[in-house]
Amino acid sequence: PAMLTGAQLGVTVSSILLGRVGEPAVVKLLQLSFGLSGVPPALLHTLSLAIVVALHVLLGEMVPKNIALAGPERTAMLLVPPYLVYVRLARPFIAFYNNCANAILRL
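Okay, structure coming up:
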């Protein structure tokens, strides 16, 4: 369960941080690069969020999946050691979330 929870925790935290950091950065980039300072902020934020989500799906999910499917053994041999380090470092958080989930299931 620690490995699965570690993956879920990593994906969720990465997605949240990417949205928190990436969306404002893309807004600035759009304003500076394309002179979109006169565009309503709501439209700029919506567009930048769509760009961040599209890049996240492509670069964070689809490309890695295709790399893993193309060479599963090589990918596993390359990624398992750093993943084990991450799981070891995140173990307190993983245990906390596992305990919370188990407590909710007992309700």
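Heads up: the sequence shown begins at 1 in full-length UniProt numbering, then just goes up one per residue. The beta-carbon is built from N, C-alpha and C at its ideal position, and this holds for glycine as well.
Backbone secondary structure at residue i - three-state DSSP
i: V39; result: coil
i: G72; result: Inspection of the sequence shows that residue 72 is occupied by Pro rather than by Gly. DSSP places P72 in helix when its eight states are reduced to three.
i: P1; result: coil
i: L107; result: coil
Buried versus exposed, by CB contacts within 10 Å (16 or more), residue i
i: I94; result: buried
i: G38; result: exposed
i: V57; result: exposed
i: E73; result: exposed
Contacting residues, own chain, Cβ-Cβ under 8 Å from residue i (five flanking each side not counted)
i: N98; result: P1, A2, T5
i: V87; result: A2, M3, G6, I94
Same chain, Cβ closer than 7 Å to residue i, five either side skipped, listed in chain order
i: I51; result: V26
i: A68; result: T75
i: L89; result: none
Self-check item: Stretch pair the stretch 45-54 + the stretch 63-76: three plus CB contacts closer than 8 Å
Solution: no
Quiz item: When the Cβ atoms of the stretch 5-14 are set against those of the stretch 82-94, are three or more pairs found closer than 8 Å?
Solution: yes
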